[in-house]
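Worksheet for the structure shown next.
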Amino acid sequence: MRQPLIERYRDYLPVSPKTPVVSLLEGSTPLLPLKGPPEAREQGIQLFAKYEGLNPTASFKDRGMTLAVSKAVEEGARAVAAASTGNTSASAAAYAARAGIQAIVVLPAGYVALGKLAQTLVHGATIVQVEGNFDAALRIVRELTERYPVALVNSINPYRIEGQKTIAFEVAEDLGDAPEFHALPVGNAGNITAHWKGYRELHAAGEIPRLPRMLGFQAEGAAPIVKGHPVEKPETVATAIRIGNPASWQGALAARDESGGAIEAVPDEEILAAWRYLASEEGIFVEPASAASLAGVWRWLKEKKIPPESRVVLTLTGHGLKDPGTAEREVRLPDPIPARVEAVAAAAGLE
Ligand code: F0G
12 MRQPLIERYR
22 DYLPVSPKTP
32 VVSLLEGSTP
42 LLPLKGPPEA
52 REQGIQLFAK
62 YEGLNPTASF
72 KDRGMTLAVS
82 KAVEEGARAV
92 AAASTGNTSA
102 SAAAYAARAG
112 IQAIVVLPAG
122 YVALGKLAQT
132 LVHGATIVQV
142 EGNFDAALRI
152 VRELTERYPV
162 ALVNSINPYR
172 IEGQKTIAFE
182 VAEDLGDAPE
192 FHALPVGNAG
202 NITAHWKGYR
212 ELHAAGEIPR
222 LPRMLGFQAE
232 GAAPIVKGHP
242 VEKPETVATA
252 IRIGNPASWQ
262 GALAARDESG
272 GAIEAVPDEE
282 ILAAWRYLAS
292 EEGIFVEPAS
302 AASLAGVWRW
312 LKEKKIPPES
322 RVVLTLTGHG
332 LKDPGTAERE
342 VRLPDPIPAR
352 VEAVAAAAGL
362 E
């Protein structure tokens, strides 16, 4: 029987027997070996996808949200609040529904993908759309939760990071070791901070002999960490990581520097090429932000910066169904034809 993430990793998490476990049986996602693009195969490099789209609300956020909402309930909260580019709001809405408390989510108007909005709405969250970007929404939520009796469940809440670090535990369990490289998209930078914390804890406990190099990828139009200063007007097709002033900036730098890794920017065209590749060649449909991990690693492969025989894990952070709008824009639907077998055979290229 599948277990709640909190039960599975209780010894590594800040919970006590008094903590109510609010769970949707998150985590335990598959680590899928990929065929890999030709550059990987030619260089003897094995890629793996940690497919976080298979969490209960279809993104990695559920790992952190189970803990953040459980602790909020333990502490007596009747409501939780988060700013979000969409996935945090969907997850907060679902876990709040499960706990029977209110979720208040503050969203950048016009920039949340349709699937995420639908989830958040149907789970019954209180949605507030602001005329501003994610960074503005986060500023507001921070202040709101200081002034009112509402628990903040953005990743500046340390319980979120604690929950999300379990991804490293699962990868190490599946590989029997840490990979040589672990790549992921970077937005607000909580997840790279969490990955690195997980690996460090395993290493300190003697469970893994060495640590991976962390590779974080931002979208070129929203790459404050790469540029070294906040970006006033972040823009990218990968709306999940359309963030100009990441809250966990320092955590991301520490992961990069302590692991001997890198944080780089990838252009939207390369994100979309990787997104298409994953769906059409590997059978894995992710949302655009998730594909930033492969887009970045693809560059490293082309530049032969990854030693042969390396294992590279890509965190694929969210499911493709989250963002049907991008699919509709990027992939043309053919026009209807008459309902006759000859016409269909011709259209299908069988004749
Ligand atoms: N990938 C997806 C699909 C995301 O939703 C996010 C963040 C990231 C990557 C980046 O993770 O912020 O920890 O560096 N989404 C947040 C949200 C901001 O509100 O859903 P990060």
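With the sequence shown counted from 1, adding 11 to any position gets you my numbering.
Backbone N, C-alpha and C fix where the C-beta goes; we use that ideal spot for every residue, glycine too.
Query	Result
Between the C-alpha atoms of I203 and R267, what's the straight-line distance to the nearest angstrom?	9 angstroms
Is the beta carbon of P119 less than 8 angstroms from the beta carbon of G143?	yes
In the DSSP assignment, find the beta strand (DSSP E) that holds L325 and state where it starts and stops.	R322 to L327
With distances taken Cα to Cα, identify the nearest neighbour of W260 among T68, E362, S166 and A183.	S166
Out of T250, R109 and R224, which has the shortest C-alpha to C-alpha gap to E191?	R224
Any heavy atom of ligand 1 closer than 7 angstroms to the beta-carbon of E298?	yes
Tell me the residue span of the alpha helix (DSSP H) that contains P49.	P49 to E53
Ignore the nearest five residues each way along the sequence and tell me which others in V237's own chain have a CB closer than 8 angstroms to its CB.	Q229, I274, E275 and A276
Could you check whether L36 and L78 sit closer than 8 angstroms to each other, using their CB atoms as the reference points?	no
Would you tell me roughly how many angstroms separate the C-alpha atoms of D346 and I254, rounded to the nearest one?	37 angstroms
With a threshold of 7 angstroms on Cβ separation, who are the neighbours of E173 within its own chain once the five nearest residues in sequence on each side are excluded?	L24, P25 and L78
Should the stretch 145-155 be regarded as contacting the stretch 83-100, the criterion being three or more beta carbon pairs within less than 8 angstroms?	yes
Please state if the CB of P196 and the CB of A300 are separated by a distance shorter than 8 angstroms.	yes
I need the DSSP call for Y210, collapsed to helix, strand or coil.	helix
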